[in-house]
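Working notes, structure below.
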Amino acid sequence: MFGIHGIYDGDLSSFLFQAKLKNLQFTSNSSNYNFKASLYVHQANHGQFNTNWGRYDLMPGVNQLMNVRPIMTIEHQQHICKMYMAALMNIVLKNQMQYRILFEDYRAGLTYLHHTNYISTFQDSNEIVIADFENYDVTLGTITGSTINATNLLLWGSVYVNVYRSAMLILQPVENLVGKYAINLQNSINGSSIRFMIGRTPEGQVDNLTVLLWYENETFDSFIVHVLPALSKRIFKLSSTEYVTAVQTISLPLLSPVIGLEFVVNDTNAQFLIDNIVVAK
Numbered sequence: 063m064f065g066i067h068g069i070y071d072g073d074l075s076s077f078l079f080q081a082k083l084k085n086l087q088f089t090s091n092s093s094n095y096n097f098k099a100s101l102y103v104h105q106a107n108h109g110q111f112n113t114n115w116g117r118y119d120l121m122p123g124v125n126q127l128m129n130v131r132p133i134m135t136i137e138h139q140q141h142i143c144k145m146y147m148a149a150l151m152n153i154v155l156k157n158q159m160q161y162r163i164l165f166e167d168y169r170a171g172l173t174y175l176h177h178t179n180y181i182s183t184f185q186d187s188n189e190i191v192i193a194d195f196e197n198y199d200v201t202l203g204t205i206t207g208s209t210i211n212a213t214n215l216l217l218w219g220s221v222y223v224n225v226y227r228s229a230m231l232i233l234q235p236v237e238n239l240v241g242k243y244a245i246n247l248q249n250s251i252n253g254s255s256i257r258f259m260i261g262r263t264p265e266g267q268v269d270n271l272t273v274l275l276w277y278e279n280e281t282f283d284s285f286i287v288h289v290l291p292a293l294s295k296r297i298f299k300l301s302s303t304e305y306v307t308a309v310q311t312i313s314l315p316l317l318s319p320v321i322g323l324e325f326v327v328n329d330t331n332a333q334f335l336i337d338n339i340v341v342a343k
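Residue numbers (our numbering): 63 to 343.
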């Protein structure tokens, strides 16, 4: 299942398809491979994904108040749509799984995509969920037997992010201290990578954090993850600027079975949102 959405919609303030993806569950113990993915496109609206509606997606009269200057051309927007639909059809109809990388990470297609900001999310039926933060108790992992350790965090809890219609973990460290949020697994899990969704709040002024992946032999890999800022939009000419939280799926490679992971935040001005931590097979 795949959906594409523009940030510059006049009559939609949230990514409604993301809520549908959240409610869509893969069939347990199925031999069929499935995935669900989304693409959120800055400077696009839903009107230009067809040839009839155009740049104005509100009724005549009201639509003259819309700020359409930032919106990309219909040719660029439909090229993005054609590219993703062609990739999806090649997967579904021809089983050409090499096109899946485009849905896993939009950056795989940047050479062919119009220059703007993109947000992509991806989940598949082979992953093992470590934490999804849907129970609003961030001291508990989703996977049985996992434990949580949090140190030096001013903010760490579950918050509802309206644009994604989802609860997420928020992290902000105590001033002048390094904040850490660690998930420890009871048993190691073998997989190809760790995937998670990450973004920063409009108040967050730091664009990176460190992620440690811990292995059975007490060794670890360390990654610096760049996090997109909240994306600005001004839908109407006389309205103020709004910000859309950009929550992007990130994938980090695993070199051996993982026994835990840790998010390290070392700037008081940081505010990160994290969701759907999984081991990908």
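Glycine residues also receive a C-beta, built at the ideal position from the N, C-alpha and C atoms.
Endpoints, the alpha helix (DSSP H) within which residue i is located
i: Ala-81; result: 78-85
i: Asn-152; result: 136-156
i: Phe-165; result: 162-166
Sub-8 Å separation of residue i and residue j beta-carbons
i: Gly-219; j: Ile-210; result: no
i: Val-223; j: Thr-307; result: yes
i: Tyr-180; j: Phe-77; result: no
i: Thr-263; j: Leu-335; result: yes
i: Phe-165; j: Ala-99; result: yes
i: Ser-187; j: Ser-92; result: yes
i: Met-134; j: Gly-72; result: no
i: Ser-294; j: Thr-281; result: no
i: Tyr-277; j: Ala-292; result: no
i: Glu-189; j: Arg-131; result: no
i: Ile-69; j: Val-103; result: yes
i: Ser-255; j: Ala-193; result: no
i: Asp-337; j: Leu-217; result: no
i: Val-287; j: Leu-323; result: no
Between the CA atoms of residue j and residue i - distance to the nearest angstrom
i: Gly-65; j: Ile-136; result: 18 Å
i: Asn-270; j: Leu-290; result: 9 Å
i: Ser-182; j: Lys-82; result: 15 Å
i: Ile-142; j: Arg-162; result: 16 Å
i: Ala-212; j: Tyr-243; result: 5 Å
i: Phe-285; j: Asn-197; result: 28 Å
i: Leu-172; j: Val-327; result: 29 Å
i: Gln-310; j: Ile-260; result: 5 Å
i: Met-145; j: Ala-332; result: 35 Å
i: Val-191; j: Leu-247; result: 12 Å
i: His-138; j: Tyr-174; result: 10 Å
i: His-67; j: Arg-296; result: 16 Å
i: Gly-241; j: Ile-205; result: 23 Å
Identified DSSP bridge partners for residue i
i: His-288; result: Asn-270
i: Ser-93; result: For Ser-93, which the question treats as bridged, DSSP gives no partner whatsoever.
i: Leu-101; result: Ile-66 and Ser-182
i: Val-327; result: Gly-241
i: Asp-283; result: Leu-275
i: Tyr-305; result: Ser-294
i: Gly-371; result: For the chain, the structure presents residues 63 to 343; residue 371 sits outside this window and is missing.
i: Ala-121; result: According to the sequence displayed, residue 121 carries Met and not Ala. Met-121 pairs with nothing; no bridge assigned.
i: Met-128; result: Phe-298
i: Arg-169; result: Answer is none; Arg-169 lacks a bridge partner.
i: Gly-109; result: Beta-bridge pairing links Gly-109 to no other residue.
Residue i, enclosing beta strand (DSSP E) - first and last residue
i: Phe-298; result: Neither: Phe-298 is in no beta strand (DSSP E) and is coded neither H nor E.
i: Ser-313; result: 310-315
i: Ala-342; result: 334-342
3 or more residues per run - each beta strand (DSSP E) lying fully within the segment 180-259 = DSSP runs (the beta strand (DSSP E)) wholly in the segment 180-259: 180-186, 190-193, 209-213, 215-223, 228-235 and 241-251.
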